[in-house]
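So the sequence shown is numbered by my numbering: it starts at 622 and just counts up by one.
Encoded as structure tokens, the structure appears first; notes follow it.
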Amino acid sequence: MPGAPRGPNDSLIISYLALRTTIGVLGMALPFAVAVGAWLIFQRGLQESISAYYYTGTRGVFVGTLWAIGVFLFAYRGYDKWDRLAGYLACLFAIGASLFPTAPDCQQCSYSKLSADLHAIFATLLFLTLSSISLFLFRQTDPTQTPTKQKLQRNVVYLVCGIIMLGAIVLVPVVWFVPAVATATAAYRPVFWLESIAIVAFGVSWFTKGEAILADEE
Numbered sequence: 622m623p624g625a626p627r628g629p630n631d632s633l634i635i636s637y638l639a640l641r642t643t644i645g646v647l648g649m650a651l652p653f654a655v656a657v658g659a660w661l662i663f664q665r666g667l668q669e670s671i672s673a674y675y676y677t678g679t680r681g682v683f684v685g686t687l688w689a690i691g692v693f694l695f696a697y698r699g700y701d702k703w704d705r706l707a708g709y710l711a712c713l714f715a716i717g718a719s720l721f722p723t724a725p726d727c728q729q730c731s732y733s734k735l736s737a738d739l740h741a742i743f744a745t746l747l748f749l750t751l752s753s754i755s756l757f758l759f760r761q762t763d764p765t766q767t768p769t770k771q772k773l774q775r776n777v778v779y780l781v782c783g784i785i786m787l788g789a790i791v792l793v794p795v796v797w798f799v800p801a802v803a804t805a806t807a808a809y810r811p812v813f814w815l816e817s818i819a820i821v822a823f824g825v826s827w828f829t830k831g832e833a834i835l836a837d838e839e
């Protein structure tokens, strides 16, 4: 209610909502920032994956955004130990994915296979953790309170976003390693689009958690 007096914990609540919203904005912006930046500034076409932008002029945007997301996730506390654990793990996986580059989108380029394998592991674990946060942790409700209409609507958003993330994760190895599918879809850069869909879904989930949309009525 406008003009209503603020309680002692209001600034803390606002800070946590802002933190969640910031994580969401960073997630939603990442694929567009690296792709559009590489195209407009460095005249680089669409890469095979978001991670492949490590080898373009927007490397700093890619690495910096992963670190920013990781730090914000580390700072996120949530409601109980499971929220904190998920935040710590997601931070570890996000920073790990940034420290170990994927294989370049170039058949003749030299690279570290170990680094590429570690990147794939960290990225997969990151998306699995983020989808679990949306599917389970975000949808929890205080058993002592009746969930508001907006909370129930937000739960639907979390569920849909979590399912989208999981679906994208499952489809990545299909379009990458199944020969017939890989050959038929290679020209369309399917891994980039699947990763983009997954990370935008992650962003929408956190954007909603920050109550930037579907906020509870005061």
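Cβ atoms here follow ideal geometry from the backbone N, Cα and C, with glycine treated the same way.
The model shown is predicted, which means the values in this text are computed figures rather than measured ones.
Membership of residue 705 in the alpha helix (DSSP H) is indicated by the continuous run 702 to 720.
If you ignore the 5 residues before and after residue 771, its C-beta comes within less than 6 Å of the C-beta of 835 and 837, all in its own chain and listed in chain order. Shown here, residue 697 sits in coil according to DSSP, grouped into three states, outside any helix or strand.
Residue 763 sits in coil when the DSSP states are folded into three classes, being neither helix nor strand. In the displayed model, residue 793 falls within a helix according to three-state DSSP. Per DSSP, the unbroken alpha helix (DSSP H) holding residue 812 starts and ends at 811 to 830.
DSSP, read as helix, strand or coil, puts residue 799 in coil.
Residue 777 has its alpha-carbon roughly 40 Å from the corresponding atom of residue 663. 7 Å or more divides the Cβ of residue 683 from the Cβ of residue 676. In the DSSP assignment, residue 738 falls within the alpha helix (DSSP H) that extends over 734 to 753. Residue 696 and residue 640 do touch by the CB rule: their CB atoms are close to 7 Å apart, below 8 Å. Distances from the alpha-carbon of residue 715 to those of 741, 726 and 705 put 741 closest. Pairing residue 806 with residue 702, the inter-Cα distance amounts to about 42 Å.
By the Cβ criterion, the region 813 to 831 is in contact with the region 789 to 804, since at least three pairs of Cβ atoms, one from each stretch, lie closer than 8 Å. Looking at the backbone, the Cα of residue 647 and that of residue 822 are separated by about 12 Å. In this structure residue 760 is in contact with residue 779, their Cβ atoms being roughly 5 Å apart against a cut-off of 8 Å.
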